[in-house]
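Trainee: So that we are looking at the same thing, I have put the structure below in structure tokens.
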Amino acid sequence: MSRYVFRMHALRGDVPGVKKASCYFVNDDDEIRSIENPKYYFKYFINRTERYNERQRENLGVPALCINDGHGGINAGSCVDFVKYVHSQAGRPAVILANCGQLRWNRRQGRAMTRVSWDSQTRESAVHDAPLYEPVVNTVEGNRDQKAHISYLLSTVVPALCKEGGQLDVIATPTAR
Numbered sequence: 004m005s006r007y008v009f010r011m012h013a014l015r016g017d018v019p020g021v022k023k024a025s026c027y028f029v030n031d032d033d034e035i036r037s038i039e040n041p042k043y044y045f046k047y048f049i050n051r052t053e054r055y056n057e058r059q060r061e062n063l064g065v066p067a068l069c070i071n072d073g074h075g076g077i078n079a080g081s082c083v084d085f086v087k088y089v090h091s092q093a094g095r096p097a098v099i100l101a102n103c104g105q106l107r108w109n110r111r112q113g114r115a116m117t118r119v120s121w122d123s124q125t126r127e128s129a130v131h132d133a134p135l136y137e138p139v140v141n142t143v144e145g146n147r148d149q150k151a152h153i154s155y156l157l158s159t160v161v162p163a164l165c166k167e168g169g170q171l172d173v174i175a176t177p178t179a180r
């Protein structure tokens with residue numbers, strides 16, 4: 004049984020010996036709600052073990068759940084509403100989004116990760132160490148740390164995508180995790 008098929012059967016509760024999965028859905032108001040009790044929002048802390056909580060958050064594919072897990076929904080808690088607002092302005096300015104926290108590259112999963120999501124990866128057991136992090140293998144040359152990443156964006160990406168003489172506004176947020 005593939006992982007996807009297993010999850011679908013677990014959601015329905017028809018896998019012998021496996022408790023029905025407690026999962027979430029996105030309602031019509033763009034809010035993450037519990038399938039078991041739709042009046043409840045996403046439960047940010049479900050266990051005392053932070054690694055377990057982090058796995059649950061990462062499985063949603065949402066790096067920061069500041070508003071996503073409550074009233075206002077996914078669009079208000081991510082950059083979606085912000086980008087829509089910017090694009091509604093005169094001149095239709097461009098938007099470049101960069102996550103300077105996701106500097107580790109997981110070759111097996113084919114995606115960028117934060118340090119926390121790297122350490123929260125599935126392990127053989129609870130006592131096994133997190134997968135080995137090797138900076139030369141698990142980062143991109145020229146983007147090994149936040150300073151280098153920002154330098155690369157400003158020296159390579161911005162000149163390639165923006166007109167010469169254009170105005171550049173930089174909006175930065177502090178690292179939450």
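In terms of our numbering, the sequence shown has 62 at position 59, counting the first letter as 1, and numbering is strictly consecutive. Yeah, the Cβ is synthetic: ideal placement off N, Cα and C, and Gly gets one too.
1) From Val140, Phe85, Thr125 and Ile99, pick the residue whose C-alpha is nearest to that of Arg110; which is it?
2) Considering Ile35, what are the terminal residues of the beta strand (DSSP E) in which it resides?
3) What are the start and end residues of each continuous alpha helix (DSSP H) run of 4 or more residues lying completely inside the segment 83 to 125, in chain order?
4) How should Glu127 be labelled, buried or exposed, when 16 other C-beta atoms within 10 angstroms of its C-beta is the threshold for buried?
5) Thinking C-beta only, is Arg107 closer than 8 Å to Tyr88?
6) Could you check which residue in Val119, Ala175 and Lys166 has the C-alpha nearest to that of Arg54?
7) Which value, in whole angstroms, describes the spacing of the CA atoms of Glu57 and Tyr43?
8) Is any heavy atom of the ligand PLP found at a distance shorter than 7 Å from the C-beta of Pro41?
9) Identify whether Val139 lies in helix, strand or coil by the three-state DSSP scheme.
10) Applying the criterion that 16 or more other CB atoms from any shown protein chain within 10 Å of the CB defines a buried residue, is Glu144 buried or exposed?
11) Going by CA-CA distance only, name the one from Ser123, Cys82 and Leu100 that's closest to Leu157.
12) Look at the alpha carbon of Trp121 and the alpha carbon of Asp148, and state the distance between them as a whole number of angstroms.
13) Starting from Val161 and walking both ways along the alpha helix (DSSP H), at which residues does that stretch end?
Mentor: Here's the rundown:
1) Translated into positions along the sequence shown, residue 110 becomes position 107. For the residues Val140, Phe85, Thr125 and Ile99, the minimum Cα distance to Arg110 belongs to Val140.
2) Residue 35 sits at position 32 when you count from the first residue of the sequence shown. That run of the beta strand (DSSP E) goes Ile35 to Ser37.
3) 83 to 90 and 118 to 122
4) Translated into the one-based positions of the sequence shown, residue 127 becomes position 124. Per the 10 Å Cβ criterion, exposed.
5) Taking the first residue of the sequence shown as position 1, residue 88 is located at position 85. Taking the first residue of the sequence shown as position 1, residue 107 is located at position 104. No, these two residues do not count as a Cβ contact at 8 Å.
6) Numbered from 1 along the sequence shown, position 51 holds the residue referred to as residue 54. Checking every option, the nearest Cα to that of Arg54 belongs to Val119.
7) Within the sequence shown, residue 57 is the residue found at index 54, counting from 1. Within the sequence shown, residue 43 is the residue found at index 40, counting from 1. Cα to Cα, Glu57 sits roughly 19 Å from Tyr43.
8) With respect to the ligand PLP, the structure shown offers nothing to examine, as it has no ligands at all.
9) Taking the sequence shown and counting its residues from 1, one reaches residue 139 at position 136. Helix at Val139.
10) Counting from 1 along the sequence shown, the entry for residue 144 is found at position 141. Exposed: under 16 other Cβ atoms inside 10 Å.
11) Here residue 157 refers to the residue found at position 154 of the sequence shown. That would be Leu100, whose Cα lies nearest to the Cα of Leu157.
12) Within the sequence shown, residue 121 is the residue found at index 118, counting from 1. Within the sequence shown, residue 148 is the residue found at index 145, counting from 1. Going by the C-alpha atoms only, they are around 15 Å apart.
13) In the sequence shown, residue 161 corresponds to position 158, counting from 1. Val161 to Leu164 is the span of the alpha helix (DSSP H), which, as asked, contains Val161.
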